[in-house]
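Taking it in order: structure first as structure tokens, then the write-up.
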Amino acid sequence: PALVRAQAASARVVVVGGGFGGATVARYLRTWAPQVQVTLVEPARRFATCPFSNHYLAGLRGWDSIVHGYGGLRAAGVHVIHAQADDVDAAARTLRLHTGQTLRWDRLVLSPGVDMRWDALEGYSEAAAAHAPHAWKAGAQTRLLRRQLQAMPDGGVFVMVIPDNPFRCPPGPYERASLVAHYLRRHKPRSKVLLLDAKNNFSKKELFLQGWQALYSGMVEWVSLARDGQVVRVDAPAREVETLFGERHRADVLNVIPPQKAGFIAARAGVVDASGWVPVYGEDFASRQVPGVHVLGDAALAGPIPKSGFAANNQGKVVAAAIAAALTGRAAPTAWYANTCYSLLAPGYGISVAGVYRAQQGHIADLPHSVGVSPLDAPPAHRAAEARHGAAWYAAISQDIWGR
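Numbered per our numbering, the sequence shown finishes at 427, counting up by one with no gaps.
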């Protein structure tokens, strides 16, 4: 035991990414193995969350309500460095920062979120995003999209391009469409929301369709893959898109959500496979390709678990517990995972989907009969309660991770 304690006291864990997954690992590792040195690397001094950024777009929340600092993690004993992680040397077990500083690690945790696949959609590039924002990383793009929405004329068309799976937050585009419609109904009631989708099905589809009919009849149109909804070409300066069979659509505001991949540092660490995502072991989200590296959150291939903030927080606790056990000589805990995703269609109108999962021979599987969604045709009191639950979840998880 004395040797184990001495080894744990000298152990260094470096976590890259201060969002829902990485910040959770850092906080809980300090809680469960306080003798371990934990360093969190995150370029942003304040982290803006994608969850509830749609509320900001609709004018239901202020910007500061979805932005979080790192004072709470520092107070918990986490060493926080605001820098960009540039490279990983897995053999030497080092992480190089853009400042030139090199950090040594015994365990490396990557929670880098997503990067856009700029080469996946003809005409859509990082420069094009200045005209047709994706706003799929909360920050400057989110604020740009809100300004465009506010400047849109009454009677204009808000066009959203939605990618095929997998991507960050499967219900996110449809919640955004709902809350944009809410904003337009209040301020620009002759306007329209057009969704061009590369899929025929999506998370909570029947609930969204029913909600749009009840709340925004005639304002929201969803065009599936089968109805030529897949966009293959974008002219961002002209705010025009072209679908697979040649139909053109022009927007007053164009929101293009492109295909995605694991964040940049995952590729530099050598943990990404041909899919662009990171294969992991279900028990502890350890990389299947590089020893000593764990990858969680949106960057990971986690079987049926969706890429969500709730899931990343849950995974972060499992990873922290597994690393703490390995470094302190304790038995690793059994890995169970859960996800709940709330979507707001209008103030007082919420829906949700939930699931429970377990590790099984290195993979992750649904727990039978555990996945469910809100009921169709629920009374207004039920929808209002789910809206309250969603707001309470955001307040609770923000406190849990960042201490606010």
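All residues carry an ideal CB built from backbone N, CA and C; glycine is no exception.
- In this structure, DSSP gives LYS160 a state outside helix and strand, which the three-state scheme calls coil.
- Judged by DSSP secondary structure, GLU198 falls outside any beta strand (DSSP E) and instead within the alpha helix (DSSP H) spanning 195-210.
- The Cβ neighbour count for THR72, taken over all protein chains shown within 10 Å, is at least 16; the residue is labelled buried.
- With contacts defined as CB atoms closer than 7 Å, ARG53 and ALA98 fail to qualify as a contacting pair.
- Inclusion of LEU390 and VAL376 in the CB contact set at 7 Å is not warranted, their separation being larger than that value.
- Cβ contact annotation for ASP321 (same chain, cutoff 6 Å, sequence separation greater than five): GLY136, VAL137, ARG191, LYS330, in chain order.
- Our two residues, LYS160 and GLN312, have alpha carbons roughly 27 Å apart in a direct line.
- Counting of Cβ neighbours within 10 angstroms places THR47 among the buried residues, the total reaching 16 or more.
- Remark: C-beta atoms of GLY305 and HIS386 approach each other more closely than 7 Å.
- Contact check for LEU217 and HIS272: beta-carbon distance about 7 Å, within the 8 Å limit, so the pair qualifies.
- For SER375, there is no enclosing alpha helix (DSSP H); the residue is found in the beta strand (DSSP E) stretching over 372-383.
- Nearest C-alpha to HIS405 among LEU367, ALA388, ILE420: LEU367.
- As computed with DSSP, VAL301 is found in a beta bridge with ALA323.
- When the beta-carbon positions are compared, ILE374 and LEU230 come within less than 7 Å of each other.
- The C-beta distance from PHE75 to TYR417 rounds to 5 Å, short enough to fall under 8 Å.
- Excluding five sequence positions before and after GLY146, the CB atoms of its chain that fall closer than 8 Å to its own CB belong to ARG256, VAL257, ASP258, ALA259, given in chain order.
- Rounded to whole angstroms, the separation of the alpha carbons of ALA354 and ALA158 is 42 Å.
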